[in-house]
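Structure first, then comments.
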Amino acid sequence: MTATPLPRDFFDRPVDEVAPALLGRVLVHATPEGEAAVRLTEVEAYAGPLDPASHSYRGRTPRNDVMWGPPGHAYVYFTYGMHFCVNLVCGPDGMSSAVLLRAGEIVAGQDLAQARRPRSSVRDLARGPARLCQALAIVREHNGLDVCDPASTLRILDGVPADPATVRTGPRTGVSSAKDTPWRFWIDGDPSVSPYREHVPRKRRPAGRA
DNA sequence: AGGTAGATGTTCT
DNA sequence: GAACATCTACCTG
1 MTATPLPRDF
11 FDRPVDEVAP
21 ALLGRVLVHA
31 TPEGEAAVRL
41 TEVEAYAGPL
51 DPASHSYRGR
61 TPRNDVMWGP
71 PGHAYVYFTY
81 GMHFCVNLVC
91 GPDGMSSAVL
101 LRAGEIVAGQ
111 DLAQARRPRS
121 SVRDLARGPA
131 RLCQALAIVR
141 EHNGLDVCDP
151 ASTLRILDGV
161 PADPATVRTG
171 PRTGVSSAKD
181 TPWRFWIDGD
191 PSVSPYREHV
201 PRKRRPAGRA
């Protein structure tokens with residue numbers, strides 16, 4: 001892997017073009033404890049206000065603000081009360097589209113990743129969007145970081161792009177709308193690809209009686 | 001192998 | 001108040 005991040009214009013094109021082109025690339029996160037890196041094997045595209053499954057579908061809010069900014073920045077959000085997920089914003093500026101980084105293979109700092117996820121097998125360290133964030137210690141404070149800046153602690157490197165012939169597509173995982181849009185991209189046969197899960201509405205907790 | 005339940009809190013209606 | 005781009009643990013076969 002080289003030390004130079006992908007150029008910003010890599011992200012300045014339609015999100016469904018950027019997403020498959022990200023497969024095989026390497027996301028590095030430097031922390032005081034050291035560096036850890038993941039080679040991306042699974043991603044999903046979310047196409048801004050036109051996409052009912054996108055966080056920006058209902059317009060700009062404090063949470064999704066970063067999505068409306070320039071491409072090449074990280075959009076980190078908190079979900080299910082305990083997990084973080086990371087996206088990379090795509091262009092053009094103001095389009096509010098982004099690619100969710102769903103899974104990958106740890107290629108550097110495996111000791112760190114394992115310390116952060118002590119109950120996990122090596123294969124599962126970054127197998128899933130919240131696991132990926134945990135392995136790389138990506139949390140809310142990293143929201144908005146510029147991953148194309150060589151000086152940034154969170155960077156996306158070119159790595160070795162996946163052979164397009166090995167890229168598969170299918171419906172996105174765990175989304176309740178736009179189920180038919182095949183905007184999940186993964187490297188066929190890679191063991192770190194996360195299992196597909198259909199969206200299931202959460203069962204309501206029995207409302208506390210009074 | 002596969003299903004389900006429970007955890008936790010932020011965001012938006 | 002409900003939904004939520006999830007994960008783990010704990011069942012059952």
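No gaps in the numbering here: position 40 of the first sequence is 40 in the UniProt record's numbering, and each next residue is one more.
All C-beta atoms in this analysis are idealised placements derived from N, C-alpha and C, irrespective of residue type, glycine included.
Because the structure is a prediction, the values reported are computed rather than measured.
Taking just the CA atoms, how far does residue j sit from residue i?
{"i": "ARG155", "j": "PRO7", "result": "11 Å"}
{"i": "LEU91", "j": "LEU101", "result": "One point to set straight first is that residue 91 is Gly, not Leu, in the sequence displayed. Each residue's alpha carbon lies about 17 Å from the other."}
{"i": "LEU27", "j": "ALA126", "result": "12 Å"}
{"i": "HIS55", "j": "ASN64", "result": "7 Å"}
{"i": "GLN110", "j": "HIS83", "result": "20 Å"}
{"i": "GLU44", "j": "VAL99", "result": "5 Å"}
{"i": "ARG13", "j": "GLU141", "result": "27 Å"}
{"i": "ALA103", "j": "GLU17", "result": "18 Å"}
Is the beta carbon of residue i less than 9 Å from the beta carbon of residue j?
{"i": "TYR42", "j": "ARG184", "result": "Checking the sequence, you will find Glu at residue 42 rather than Tyr. In this structure, ARG184 lies closer than 9 Å to GLU42 by Cβ."}
{"i": "ARG117", "j": "GLN134", "result": "yes"}
{"i": "GLY24", "j": "GLY159", "result": "yes"}
{"i": "ALA151", "j": "ILE187", "result": "no"}
{"i": "LYS179", "j": "PRO191", "result": "no"}
{"i": "VAL107", "j": "ALA37", "result": "yes"}
Is residue i buried or exposed, if buried means 16 or more other CB atoms sit within 10 Å of its CB?
{"i": "PRO71", "result": "buried"}
{"i": "ARG209", "result": "With a pLDDT of 39 at ARG209, under the threshold of 50, the predicted position of this residue should be treated as unreliable, though the coordinate-derived value follows. Exposed, because fewer than 16 other Cβ atoms sit within 10 Å of the Cβ of ARG209."}
{"i": "ARG131", "result": "buried"}
{"i": "MET67", "result": "buried"}
{"i": "GLY81", "result": "exposed"}
{"i": "ASP146", "result": "buried"}
{"i": "LEU50", "result": "exposed"}
{"i": "GLY128", "result": "buried"}
According to DSSP, simplified to helix, strand and coil, what is residue i?
{"i": "HIS142", "result": "helix"}
{"i": "TRP186", "result": "strand"}
{"i": "GLY170", "result": "strand"}
{"i": "VAL76", "result": "strand"}
{"i": "VAL200", "result": "coil"}
{"i": "VAL86", "result": "strand"}
{"i": "GLY208", "result": "Any reading at GLY208 must be qualified, since the residue scores a pLDDT of 42, below 50, and its modelled position is unreliable; no value is offered."}
{"i": "VAL66", "result": "helix"}
Tell me the start and end of each unbroken alpha helix (DSSP H) in the stretch 95-138 that is at least 4 residues and wholly inside, in chain order.
-> 110-116 and 129-135
Continuous alpha helix (DSSP H) assignments of at least 4 residues falling wholly in the stretch 5-40 = 15-22
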